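Residue numbers (this note's numbering), protein chains in the order written: chain A, 548 to 1026; chain U, 548 to 1026. Here a beta-carbon is modelled for each residue, glycine too, at the ideal position from N, C-alpha and C. Given the structure is predicted, the values throughout are model-derived calculations rather than measurements.
There are 2 protein chains.
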Amino acid sequence: MNDKKFVEAITARDVDFAKWYTDVVTKAKLCEYTSTKGCMVYMPNGYAIWENIQANLDKRFKDTGVRNVYMPMLIPESLLQKEKDHVNGFAPEVAWVTHGGSEPLEERLCIRPTSEVLFCEHWQKNVNSYRDLPMVYNQWCSVLRWEKTTRPFLRSKEFLWQEGHTIHATQEEAEARTEMMLNIYHDFVEEDLAIPVVWGRKTDSEKFAGAKATYTIEALMHDGKALQSGTSHYFGDGFCKAFDVKFVNQDNKMEYPHQTSWGLSTRLIGAIIMVHGDDDGLVLPPRISPVQAMIIPIAHQKEEVANVANKLYADLKAAGMKVDIDLSKKTPGFKFSNQELLGIPVRIEVGPRDLENGVVTIVRRDNREKIIVTIDEVVTKLPEILAIMQKDMYQKAKDFLNNHITSATTMPEMLEKFANQTGFVKAMWCGEEACEDEIKAQTGGATSRCIPFEEEHLADVCVCCGKPAKHMVYFGKAY
Amino acid sequence: MNDKKFVEAITARDVDFAKWYTDVVTKAKLCEYTSTKGCMVYMPNGYAIWENIQANLDKRFKDTGVRNVYMPMLIPESLLQKEKDHVNGFAPEVAWVTHGGSEPLEERLCIRPTSEVLFCEHWQKNVNSYRDLPMVYNQWCSVLRWEKTTRPFLRSKEFLWQEGHTIHATQEEAEARTEMMLNIYHDFVEEDLAIPVVWGRKTDSEKFAGAKATYTIEALMHDGKALQSGTSHYFGDGFCKAFDVKFVNQDNKMEYPHQTSWGLSTRLIGAIIMVHGDDDGLVLPPRISPVQAMIIPIAHQKEEVANVANKLYADLKAAGMKVDIDLSKKTPGFKFSNQELLGIPVRIEVGPRDLENGVVTIVRRDNREKIIVTIDEVVTKLPEILAIMQKDMYQKAKDFLNNHITSATTMPEMLEKFANQTGFVKAMWCGEEACEDEIKAQTGGATSRCIPFEEEHLADVCVCCGKPAKHMVYFGKAY
């Protein structure tokens, strides 16, 4: 019996990917369901990942002048209804508060599914002149959408996210902000989560309710399904007109500002699991992992082992590393398996035989590489090992992504691709929603994921209807 | 006309304290009401204070082993009802969700007024052995209580807070945690917010719903009213029994764990305003202020002034100081008044005459002291000036508090004190709720704020009924 069986076996990815996912989430204690149906507890191991995502993104936001705010969680029904497309998109999936204490409310309130209307109301009261612009706001909060089927991190009724909302004096400036925030998402996800993405613009049918344009980053999970991982929207002045948000421009004329919003959520934790995880559990990229190294004393009852392990722990802490030490009485095999299950990037084995030679063994979680390091050098070597691991994890995921992008120029070819392989299929498209619907129906669920910023010319005509093609689209089955 | 009139006059504190408070909140752009009645927008200037409170407290929590989690915002009615005292305390003031999308729910859900029951449910599923204990959790979130009358930061339907929840194998350990967290609140509020407090245990009538003991820190506002600023509760095993949370102890016997919770909210922003603010606006303690120094170039059109101001800004930023620069075209007087209104701890005036002598003028917000500093020394002197200012602000508030604590041994004396002066009145108390009610009625609202940890012996008998006294109590009118 393998040591890892001591921890608790995880279903193999190739046997049942959905079960593998649930096993990892449960056994690594990331989240669990509650008696509030479709709502989760974000447990310490899961929430700590979100805290690191928050800290990292928040810094990137603030470096571009974003200021954080907090808006009410409740929205009066009349306010939600002010922008037609928006309310049509969200009204069917909101939760309604009808009573406060023991009394029925005069007007019912919905729990925010997103907060565009509250920001517009705020701007209506606070924007007068071009000197007040731009307003570049963000909030970290939870939102609620009454989803029927839920999956941990990927889709739950309530989830945590950030929603940025901005208004600008000109269309150009608003569009530049939309693009800037998509770039931040792209860089954060690729650099810190080691997750490569394809990115571009959504087709009209996949746009956010009320937006003029929606941009997206799309990651590819190990099972070949896409996960929309962050979106940035340009709204034009539609909401501002609906909410009567106006400003006096430099020529002393009244104008409507141009608006953006952009959001990224705890779904990303699902992406980290499904891009990097393996049959032994979670594999966390060093730059986002709450604990970067677990020190595991072997034969910890030996005084020298305990002394060296404790000193190493203190030294690494003092050097600002995120490090933990497993001083439990479990077997080394159990401790190794537990560190692997939790996805801690490396373990530092401190054993009596190694100590005779003045070294410890560092084992990488992603490829099990063993690196012998002299005790004195651990503090300087560990950051280097973690940096290389981060880079290797990205490259591995990038290779996987590249190996799962194909193209099709005819429907039989497209159907064959979606029947026999997984990942993205590039194809030309006429611009009509009817063809997207047809492709979705025939492939059993593949949707247009994005029109990339750099389109290729694969053919002259739409893969579906044969009419002249307008764009190249990434199609894929998605979470 | 005084320069500050250019900004916008604030009602004087002595004229109308409530209006002064609203003026400061509004004109410093800390928060504003929304069409969701009784709910506020935390605007950037206000939210940034909360972010600093969060960062500072969160570090203090984590240093003691606290782990953050996130629980659902909705609680099924049946779950809320499991602990009798608790539901009696909160049911009258919760908001009820009755519909999801267009469909009525089978069971209605309340928006959390606090999350004890969700933590208990979680523990019921996750605690088995003494090895699983203690569990020391906290969450940063918003809660909602259906208050009838609201005031910015002090009382709103929805507010932001942290709620810590822990369970322990023994009563001693749980009581020690209750005390530890109260100590953290005390130290944080006194050291970082420069707000002195009186502290101790709540009487039974002022306890949290379901708690065995509630401990509190109580600050004194400039108008002589108390503000409960943080509470820490010991629950015994009552909730664990109601929720069937059990563990196997070291002797292999089943036991119920002992529980605590502790919370602190955005009320504290109200305390900062009302303890330190003056007739020119906000005065923020340096250790919690989002911006610690505002550089104000005087005659900014002069190239040398602009150069020195910009270099100073870059140098202070590089040194890790929280600094801003006012490059607007407003008059120096307007800029000074605006910096004062916002409560930024110091301004650094960069003017042509000073520059001839190679110096700048640093002006403290709290006492208007002007400190001449050579340009080269600003980076080293500024932290010193801020540290002294922090200490002075605390001492000033401490003197104010000490000057507003009196004592009474008879009811006529007590009534006279509450009629003619403001602040706390110390008095002996028999332990009966009837006397608390009587004191409240006769004084027009003074309640028992706390039984201090170090009681004095003022008399042998209760100030109200004349029966033997059990405790010394701080009485006060409170927000």
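- Contact with chain U is found for A/Glu705, since one of that chain's Cβ atoms lies less than 8 angstroms from the residue's Cβ.
- Its chain contains Ala741 as the residues whose beta carbon lies nearer than 6 angstroms to that of A/Tyr941, once the 5 sequence neighbours on both sides are disregarded; these appear in chain order.
- A check of alpha carbon separations from U/Thr807 across U/Ile845, U/Ile819, U/Glu663 identifies U/Glu663 as the nearest.
- Annotation for U/Ser954: Val972, Lys973, Ala974, Leu1005 place their beta carbon closer than 7 angstroms to its own, counting only its chain and skipping 5 residues before and after.
- The residues Arg692, Trp693, in chain order, have a CB closer than 6 angstroms to that of U/Glu640 in the same chain once the five nearest residues on each side in sequence are set aside.
- Of the residues assessed, A/Asp913 falls on the buried side of the cut-off, its CB having 16 or more other CB atoms within 10 angstroms.
- For the C-beta of A/Arg614, the chain U residues within less than 7 angstroms are, from N- to C-terminus, Pro591.
- Restricted to the stretch 941 to 1009 of chain U, the beta strand (DSSP E) segments that are unbroken, complete and at least 3 residues in length are 952 to 954, 971 to 976, 994 to 999, listed in chain order.
- The stretch 927 to 944 of chain U and the stretch 982 to 992 of chain U do not touch, with fewer than three beta-carbon pairs separated by less than 8 angstroms.
- Of the candidates A/Lys574, A/Thr569, A/Cys787, A/Trp567, the residue whose Cα lies closest to the Cα of A/Lys631 is A/Cys787.
- The beta carbon of A/Trp643 sits closer than 6 angstroms to those of Arg655, Cys657, all from its chain and outside the five residues before and after it, given in chain order.
- Here DSSP, grouped into helix, strand and coil, assigns A/Cys1012 to coil.
- At a cut-off of 8 angstroms, the C-beta of A/Cys982 has no neighbouring C-beta in chain U.
- For A/Pro804, the closest Cβ of chain U is not nearer than 8 angstroms.
- A buried status is given to U/Thr813, since no fewer than 16 other beta-carbon atoms sit within 10 Å of its beta-carbon.
- In this chain, the beta strand (DSSP E) harbouring U/Val690 covers 682 to 691.
- Across the structure, A/Tyr594 and A/Gly777 are spaced so that their CA atoms are roughly 19 angstroms apart.
- A Cβ-Cβ contact shorter than 8 angstroms links A/His847 with A/Leu874.
- Scanning its chain for C-beta atoms nearer than 8 angstroms, with the 5 sequence neighbours on each side dropped, one finds around A/Val674 the residues Leu680, Met682, Ile714, Val792, Lys793, Phe794, Pro804, in chain order.
- The residue from A/Asp825, A/Leu902, A/Glu802 with its alpha-carbon nearest to that of A/Gly783 is A/Glu802.
- Legend: CB atoms of the stretch 562 to 588 of chain U lying less than 8 angstroms from CB atoms of chain A belong to residues Glu579, Thr581, Ser582, Thr583, Cys586, Met587, Val588.
- Within chain U, the residues whose beta carbon sits less than 7 angstroms from that of A/Trp693 are Gly647, Gly648, listed in sequence order.
- The beta-carbon distance between A/Glu705 and U/Pro619, rounded to whole angstroms, is 6 angstroms. This is short enough to meet the 8 angstroms contact definition.
- Taking a C-beta distance under 8 angstroms as the contact criterion, U/Tyr1026 and U/Leu701 qualify as a contact pair.
- The Cβ atoms of A/Val907 and A/Val920 sit closer than 8 angstroms to each other.
- Straight-line spacing of the CA atoms in A/Glu737 and A/Thr717 works out to 30 angstroms.
- For U/Gln775, the enclosing beta strand (DSSP E) covers residues 773 to 783.
- Per the C-alpha coordinates, the member of A/Gly880, A/Thr957, A/Val634 positioned closest to A/Ala756 is A/Val634.
- Among the residues of the stretch 847 to 861 of chain U, none has a Cβ less than 8 angstroms away from any Cβ of chain A.
- Per the C-alpha coordinates, the member of A/His769, A/Asp605, A/Tyr589, A/Gln671 positioned closest to U/Ser582 is A/Gln671.
- Under the three-state reduction of DSSP, U/Arg702 is assigned to strand.
- The beta carbon of U/Ser703 is closer than 8 angstroms to those of Gly585, Cys586, Met587, Glu694, Thr697 in its chain, skipping five residues each way along the sequence.
- Distance from the Cα of A/Phe735 is smallest, within the candidate group A/Arg748, A/Thr725, A/Ile764, for A/Ile764.
- Closest in C-alpha terms to U/Lys964, from the list U/Ala723, U/Ala993, U/Asp739, U/Leu902, comes U/Ala993.
- In chain order, Tyr762, Ser779 place their CB closer than 6 angstroms to the CB of A/Leu729, counting only its own chain and leaving out the 5 sequence neighbours on each side.
- Secondary-structure assignment with DSSP links U/His712 through a beta bridge to U/Tyr684, U/Ser808.
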